[in-house]
Structures are given as structure tokens and as C-alpha cells.
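Colleague: Number 154 in the working numbering belongs to position 133 of the sequence shown; there are no gaps in the numbering.
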Amino acid sequence: MTERPAPAQHVLAQVADGVGIITLNRPEKLNALTEEMVDAIGRTLTTWQDDDAVQIVALHGAGERGFCAGGDIKVFYESITQDRHGDFLRFLSREFEVDQQIALYPKPVVAFMDGLCMGGGVGLAAHAAVRIATPRSRIGMPEVRIGYSPDVGGTHLLGRAPGRMGEHLALTAAAMGAADAIDAGFADFCMQEDGLDQLLASLPDLMGLSSPEVASALEVLHGVAPPAATRTLTPGRTWIDVAYSGETVADILVVLDQTPVQAAREAAAEIRKHSPLSLETALQAVRAARDDAFLPSAFTRELRIAEFLMDHPDLPEGIRAQVIDKDRTPRWNPADVREIDREAVAAAIQPPG
22 MTERPAPAQH VLAQVADGVG IITLNRPEKL NALTEEMVDA IGRTLTTWQD DDAVQIVALH
82 GAGERGFCAG GDIKVFYESI TQDRHGDFLR FLSREFEVDQ QIALYPKPVV AFMDGLCMGG
142 GVGLAAHAAV RIATPRSRIG MPEVRIGYSP DVGGTHLLGR APGRMGEHLA LTAAAMGAAD
202 AIDAGFADFC MQEDGLDQLL ASLPDLMGLS SPEVASALEV LHGVAPPAAT RTLTPGRTWI
262 DVAYSGETVA DILVVLDQTP VQAAREAAAE IRKHSPLSLE TALQAVRAAR DDAFLPSAFT
322 RELRIAEFLM DHPDLPEGIR AQVIDKDRTP RWNPADVREI DREAVAAAIQ PPG
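1. Starting from Thr65, trace the alpha helix (DSSP H) in both directions and tell me its first and last residue.
2. My assumption, with CB atoms under 8 Å, is that Phe133 sits in contact with Leu178. Please give the rounded CB distance.
3. To the nearest angstrom, how far is it from the Cα of His31 to the Cα of Leu45?
4. Can you tell me which of the three DSSP states Gln305 falls into?
5. Under 7 Å, do Val173 and His295 count as touching if we go by C-beta distance?
6. Are the Cβ atoms of Pro307 and Gly141 separated by less than 7 Å?
7. In chain order, what residues of the same chain lie with their CB nearer than 7 Å to the CB of His148, ignoring the 5 residues before and after it?
8. Could you tell me the distance, in whole angstroms, from the CA atom of Ile77 to the CA atom of Ile42?
9. Find the nearest neighbour of Leu80 within the set Tyr265, Ala356, Leu221 and Ser232, judged by alpha-carbon distance.
10. Once DSSP output is grouped into helix, strand and coil, what is the label at Ala37?
11. Based on the DSSP secondary-structure assignment, which residues constitute the bridge partners of Thr155?
12. Could you give the first and the last residue of the continuous alpha helix (DSSP H) run that contains Ile273?
13. What does Ile123 pair with, by DSSP beta-bridge criteria?
14. Could you pull the start and end residues of the beta strand (DSSP E) that Ala132 belongs to?
15. Between Arg185, Ala191, Met186 and Arg152, which has its C-alpha nearest Ser170's C-alpha?
16. Would you kindly check if the distance between the Cβ of Phe88 and the Cβ of Asp135 is under 7 Å?
17. To the nearest angstrom, report how far apart Gly378 and Met197 are at their CA atoms.
18. Cα separation between Gln213 and Arg86?
19. Can you round the beta-carbon distance between Glu323 and Thr176 to whole angstroms, since I take them to be within the 8 Å contact cut?
20. Under DSSP, the beta strand (DSSP E) around Gly82 begins and ends at which residues?
21. Are there 16 or more other CB atoms within 10 angstroms of the CB of Glu301, so buried, or fewer, so exposed?
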């Protein structure tokens, strides 16, 4: 077995019996991604792509708390508040490049999404050929909580979710358990959280199989029924599909308020906590991604949106309230979804010409 650690040991890469294993190794920070980590993953994948000693790639996170909490938000905050927007955009561009590299990788990539898998973690794992959830997985795109919008190809994934499930997930920032993640298309099957060693041990026997064949074999070998408690979205699809068909966030809130279902009222209350600008941007971005159904287009659009939102006060304010000061009382501007400049949002989603 050979090891090729990235600087600071935050990404470990090793090869054993034809399996390349990439470990996010920053458990004290819930494996939050830095630019160096993303670049190390990309360089490792490039090296292994033409290496016959690697037939299958496995991706997992160190520690028991989660696969990856997303990007390192405090670093982003410094870039934005110190007027170093180019640093943030450079990181995002490289991150999206690696996410797409995983999506197009010529060898099966198996992602083990145990525990927390948010934002940037979804970008790494949910574009892989084989996506495995566990009973304790919490998978989601919570960006509207900090004045941002789903990225890392998340709008593409949300746009592909059944019905209006994608809009619901984007606007509420809800985390999915294993069953919901499978139903929404973010995961392929569920296995026990303590089964990583057995999973890795079985991969050498699957070398030479296609990605769908690897996925099927692993589900047969290790799959378990996801806990019933982790399925909350599918039973509510009727009211979700009706409520989230509104043209704007304001329209959606009107229907949610009128829906005689407790979950609808809870969704409306959750949405009202988030940045109105981010909400409207996320809604239209998910719908644009659904319309073109092309992952590279989603990445391009998400980078434009990031540049757009960095020029507005909600992003630094959201990070301040949720991550820096943790007072959980962001002061959004504007504070009402009915006051959003929809033309500006539309221009960010789809520039004129």
C-alpha cells in the first residue's frame, strides 16, 4: 500500500488491491473543504485516471461525525469581507472542476456519505457513479441559510429530483435522511454506517465491472433498507408539488400558508428565516437547471450566481449570523421576498444575449 498525503495531511490518497482510496482527513472541522484539499483530490484523480493499478476509486471522510460539512465557511467570509472576491471565485471554479471530474470519471467512483454531507460534500459525493447513504446520513444543500444559493452542481441535482421536491429542498434548506436522499436522486442505496471496511474489502472483487454493475453488486452485498423515519418527502409529494409550482417565492409562501398540512406550515416558517434574495435566486436557478438538464451549464450558472451574490450584503451577513457570531439573527436586505429585484436575479441566472 502506498500513501500520497496532501499538504497538512487533510487529504490522504492510497492504493490497495486495485482500489484508490481518497480520505478527507480533517475530522476536527467535519472535513470542511479548503482550496488545497479540493486541488489535492483533483490531482489525485488525474494521476489515477491512466494508472492501471487503480481500477475503482473510493471516497470517504475521516471521523465519525460526517463525510464533509461543505466548504470552509470562515475562509469564504474572510475573502468576501476583505474584498478578495477573486479568491472565493477561484476556489469555486476549481471545486466545480473537480466535481465535474468525478461526474465524468472513466472508472467507478464509490462515495460513502456517512453522517453529515452538506454543500461541497454533496458536490464530491452525489456526482459519483455509486452514492451510498447510511442510517445516520444527513444530506442537503443549506446555502440559503447564509445568504447564498446551492452550487457544486446542486441545482442540477435538485432540478432532477421528482416533482417539485428540488424546490422544497432548496428553499427550506432541509437535510435529507437516507430514504429521502435515495428518493430525491442524491444517493443510490443505504448500508450500515459501520460497514466501510467491508465495503472496501469487497471492491477488489468487482474490478472490471461497469459503474452500474458495481452499484448493483454493492447493494446486493451490503445494502439495507433505509430507516422508515428517514422518508419524509415522498408521503408529502402532493402538497409539495402543488405549493412549489408558484412562479416566485412569494407565490409559494401564499400557497404554503393556505395548505392544511402541518408540514406545509413548518416549511413556510423555515423559508421565512432565510435570505429573500437567496431564496428567489435558488428557486430560479433550480428551475433553469431543470430546463437545460446539463451539468456543465449548471456549474457555469452557479459561478455567475456566486459573483452576483457576493456583491450583495446578505452573504457576509448570513455567514456572520450563522457561523461567526452565531447569534442566528441575520438582518436580510431586503427583508421581504416581495421586494426582490427579480430582473437582477434573472440577469444572473441567464444574462441578456
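Yeah, the Cβ is synthetic: ideal placement off N, Cα and C, and Gly gets one too. Values in this document were obtained by computation on a predicted structure and should not be read as measured data.
Modeller: Reading from the atomic positions:
1. Glu56 to Gln70
2. The Cβ separation is near 18 Å, so there is no contact.
3. 6 Å
4. helix
5. no
6. According to the sequence provided, residue 307 is Val. The question's Pro does not apply to it. No.
7. Asp120, Ile123, Ala124 and Gly174
8. 9 Å
9. Leu221
10. strand
11. Its beta-bridge partners do not exist; DSSP assigns none.
12. Val270 to Gln279
13. Per DSSP, none; premise fails for Ile123.
14. Val130 to Met134
15. Ala191
16. yes
17. Residue coverage of the chain in this structure runs from 22 to 374, which leaves residue 378 outside it and unanswerable.
18. 14 Å
19. 6 Å
20. Ile77 to Gly82
21. buried
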